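Asker: Every letter in the sequence shown is one number past the one before it in the numbering used here, and letter 244, counting from 1, is 244.
No residue lacks a Cβ here, since even glycine has one placed at the ideal position from N, Cα and C.
As the structure is a prediction and not an experimental result, all values here were calculated from the model.
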Amino acid sequence: MPQLSKRTETFTDSVIRRMTRVSLKYGAVNLSQGFPDFEPPKEILDRLAEVSREDFHQYSITWGAQNFREALAEKQSRLMGRKIDPNSEIVVTCGSTEAMMAAMMTVANPGDKVIVFSPFYENYGADAILSGAEPIYVPLYPPEFGFKADELEAAFRQKPKALILCNPSNPCGKVFTYEELKLIADLAAKYDTFVITDEVYEHIVYAPNRHIYFASLPGMWERTISCSSLSKTYSITGWRLGYIIAPTEIIDVARKVHDFLTVGAAAPLQEAAVTGLRFGDEYYADLAAKYTAKRNLFLKGLDDLRIAHTVPQGAYYILLDISEFGFESDLEFCEVLARDVGVGAVPGSSFFREPVNHLIRLHFAKRDETLYDALNRLEDLRKKIPVRG
Ligand code: GLN
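See the structure below:
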């Protein structure tokens, strides 16, 4: 057989998505890949049923259906504090996974550097490799997951093309403060660097923390490529609806990349999702309240079991400390956890540049009864997983 492409040799399949398959294999409660097991809002589902009988079965305009972009522009203009033009400042993509990939291909040439904070969402590594860019990792230090300004500036001195900012952050749950964002903004301006954001958890933030859109910082609109999606906000991860918001000159290029990557996001789903984009502000307040209650339920359960963990400021992930079990491989720990305890988790090493093997990631975007089921199973953790070494 002729050789397959070299560019795919340096990364594996997604460990997050692999752990979903492992969970299915063992019948484990799947708290690995982050997606809800509760229903999307009824209004969106009702509209979806209607749409199936309407005329939305052919391609939409490649950069997104007109009414979807209009509804999105209206919502995001309200939140980002800036009038966003639905006709020139938005591309609708197949999830923010495509948005991030298209954003990278829009700004980076092969050999360019991009700054990535560690821990990071595992797609960014593959995005960089596929677009030919080379990541420069800057550590975030627990428990607050702050960065050191001098380490960040040292990374900027290497003349990166872009910085990738996941805020609120997967997997560490950090919500960047205004001061931290301002510091990043000042460096981005000083070193003339793009900022690509991944803000899919923009509405899942725990008080008193507050999400600030990076593009809303003074002078940052011009250099920010804001990526997000409807997946987490409306509990429709399988619909694969994401988007890029950026200035016209950037969007012109991102549209070309998107056009040849996927042509467009699913037309009937865009139409049905307009219903969600038109929800009032109370929907987002309710969503945050719902996740706050789930976070509190799950954190209390872990505390009762005396398992050390991070406390997220946003998003729906928790890193658990498994040092006491003495496993050399966190991947193996997760296999054993799924098989013998019946809980699916993601090994922390998938998210860190640093050699980390003592953390696993669980998420709590699940019905309360699913969370209680997982907590019940975790009660047997120390009985069922013997300490090694
Ligand atoms: N963001 C989710 C996670 O980290 C999953 C995203 C995906 O698999 N596309 O688990």
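(1) Cβ of Leu-381 within 8 Å of Cβ of Val-341?
(2) If you measure from the CB of Ile-16, is any heavy atom of ligand 1 nearer than 7 Å?
(3) Given this structure, state the Cα-to-Cα distance separating Leu-287 from Glu-202, to the nearest angstrom.
(4) State whether the region 241-253 contacts the region 77-94, with contact taken as three or more CB pairs (one from each stretch) at a distance under 8 Å.
(5) Counting pairs of beta carbons, one from the region 140-155 and one from the region 209-228, are three or more of them closer than 8 Å?
(6) Would Met-101 and Leu-130 be called neighbours here (beta carbons separated by less than 8 Å)?
(7) With Ala-108 as the anchor, note down where its beta strand (DSSP E) starts and where it stops.
(8) Is Asn-209 near ligand 1, in the sense that its beta carbon is under 7 Å from a heavy atom of that ligand?
(9) Do you know whose CA, among Gly-173, Gln-58 and Ser-118, lies nearest Phe-364's CA?
(10) Output the boundary residues of the beta strand (DSSP E) element that contains Ser-131.
(11) Measuring CA to CA, which of Leu-337, Leu-359 and Met-105 is closest to Lys-383?
(12) Does the distance from the CB of Val-200 to the CB of Ser-169 come in under 8 Å?
(13) In angstroms, rounded to a whole number, what distance separates the CA positions of Ile-196 and Gly-389?
(14) Please tell me whether, using a cut-off of 7 Å, the distance from the CB of Gly-34 to the nearest non-hydrogen atom of ligand 1 is below it.
(15) Given a cut-off of 8 Å, decide if Pro-119 and Phe-351 are closer than it, judged by their beta-carbon atoms.
(16) I need the straight-line Cα distance from Gly-264 to Asp-198, nearest angstrom please.
(17) Shorter than 7 Å, the distance from the beta carbon of Asn-357 to the closest heavy atom of ligand 1, or not?
(18) When the Cα of Tyr-234 is compared with those of Ser-323, Tyr-291 and Ile-360, which residue comes out closest?
(19) Just how far apart, CA to CA, sit Gly-64 and Arg-339?
(20) Can you give the Cα-Cα distance for Val-22 and Ile-16, rounded to whole angstroms?
(21) Just reading off the beta strand (DSSP E) that Thr-197 is part of, what are its end residues?
(22) With H, G and I counted as helix, E and B as strand and the rest as coil, what does DSSP make of Gly-348?
(23) So the candidates are Gln-76, Val-257 and Tyr-283; which of them puts its Cα closest to the Cα of Ile-44?
Answerer: In short, the structure shows the following:
(1) Against the sequence shown, residue 381 aligns to sequence position 381. Against the sequence shown, residue 341 aligns to sequence position 341. Their beta carbons are under 8 Å apart, which means Leu-381 touches Val-341 by this criterion.
(2) Here residue 16 refers to the residue found at position 16 of the sequence shown. Yes, Cβ of Ile-16 sits closer than 7 Å to a heavy atom of ligand 1.
(3) Mapped onto the sequence shown, residue 287 falls at position 287. Mapped onto the sequence shown, residue 202 falls at position 202. Answer to the nearest angstrom: the Cα atoms are 11 Å apart.
(4) yes
(5) Because the criterion of three Cβ pairs below 8 Å is not met, the region 140-155 and the region 209-228 do not touch.
(6) To locate residue 101, count along the sequence shown from 1; it is residue 101. To locate residue 130, count along the sequence shown from 1; it is residue 130. Yes, the pair counts as a contact, with Cβ atoms nearer than the cut-off.
(7) Here residue 108 is taken as the residue at index 108 of the sequence shown, counted from 1. Segment: none, Ala-108 is in no beta strand (DSSP E) and carries neither H nor E.
(8) Within the sequence shown, numbered from 1, the residue matching residue 209 stands at position 209. Checking the 7 Å criterion, the Cβ of Asn-209 is out of range of every heavy atom belonging to ligand 1.
(9) As a working mapping, residue 364 is identified with position 364 in the sequence shown. Of Gly-173, Gln-58 and Ser-118, the residue nearest in Cα terms is Gly-173.
(10) On the sequence shown, position 131 is the one that residue 131 refers to. Taken as a continuous stretch (DSSP letters only), Ser-131 belongs to no beta strand (DSSP E), being part of the alpha helix (DSSP H) at 123-131.
(11) Working through the sequence shown from its first residue, we reach residue 383 at position 383. The alpha carbon of Lys-383 has as its nearest neighbour, out of Leu-337, Leu-359 and Met-105, the alpha carbon of Leu-337.
(12) Position 200 of the sequence shown holds residue 200. Position 169 of the sequence shown holds residue 169. It is not a contact, given that the beta carbons lie outside the stated cut-off.
(13) By 1-based counting over the sequence shown, the position of residue 196 is 196. By 1-based counting over the sequence shown, the position of residue 389 is 389. Roughly 43 Å separates the two Cα atoms.
(14) Residue numbering aside, residue 34 sits at position 34 when the sequence shown is read from its first letter. True, at least one ligand heavy atom lies under 7 Å from that Cβ.
(15) Within the sequence shown, the letter at position 351 stands for residue 351. Within the sequence shown, the letter at position 119 stands for residue 119. Cβ distance < 8 Å, so Phe-351 and Pro-119 count as in contact.
(16) In the sequence shown, residue 264 corresponds to position 264, counting from 1. In the sequence shown, residue 198 corresponds to position 198, counting from 1. Roughly 20 Å between the two C-alpha positions.
(17) Against the sequence shown, residue 357 aligns to sequence position 357. No, ligand 1 has no heavy atom inside 7 Å of this Cβ.
(18) Position 234 of the sequence shown, counted from the start, is the residue given in the question as residue 234. Among Ser-323, Tyr-291 and Ile-360, the Cα nearest to that of Tyr-234 belongs to Tyr-291.
(19) Position 64 of the sequence shown, counting from 1, holds the residue named residue 64. Position 339 of the sequence shown, counting from 1, holds the residue named residue 339. Answer to the nearest angstrom: the Cα atoms are 43 Å apart.
(20) By one-based count along the sequence shown, residue 22 stands at place 22. By one-based count along the sequence shown, residue 16 stands at place 16. Cα atoms of Val-22 and Ile-16: separation of roughly 10 Å, rounded to the nearest angstrom.
(21) Along the sequence shown, read from residue 1 onward, the residue named residue 197 stands at position 197. That run of the beta strand (DSSP E) goes 194-198.
(22) As a first step, residue 348 must be located in the sequence shown, where it is residue number 348. Note: Gly-348 maps to helix in three-state DSSP.
(23) The residue labelled residue 44 in the question sits at position 44 within the sequence shown. Of Gln-76, Val-257 and Tyr-283, the residue nearest in Cα terms is Tyr-283.
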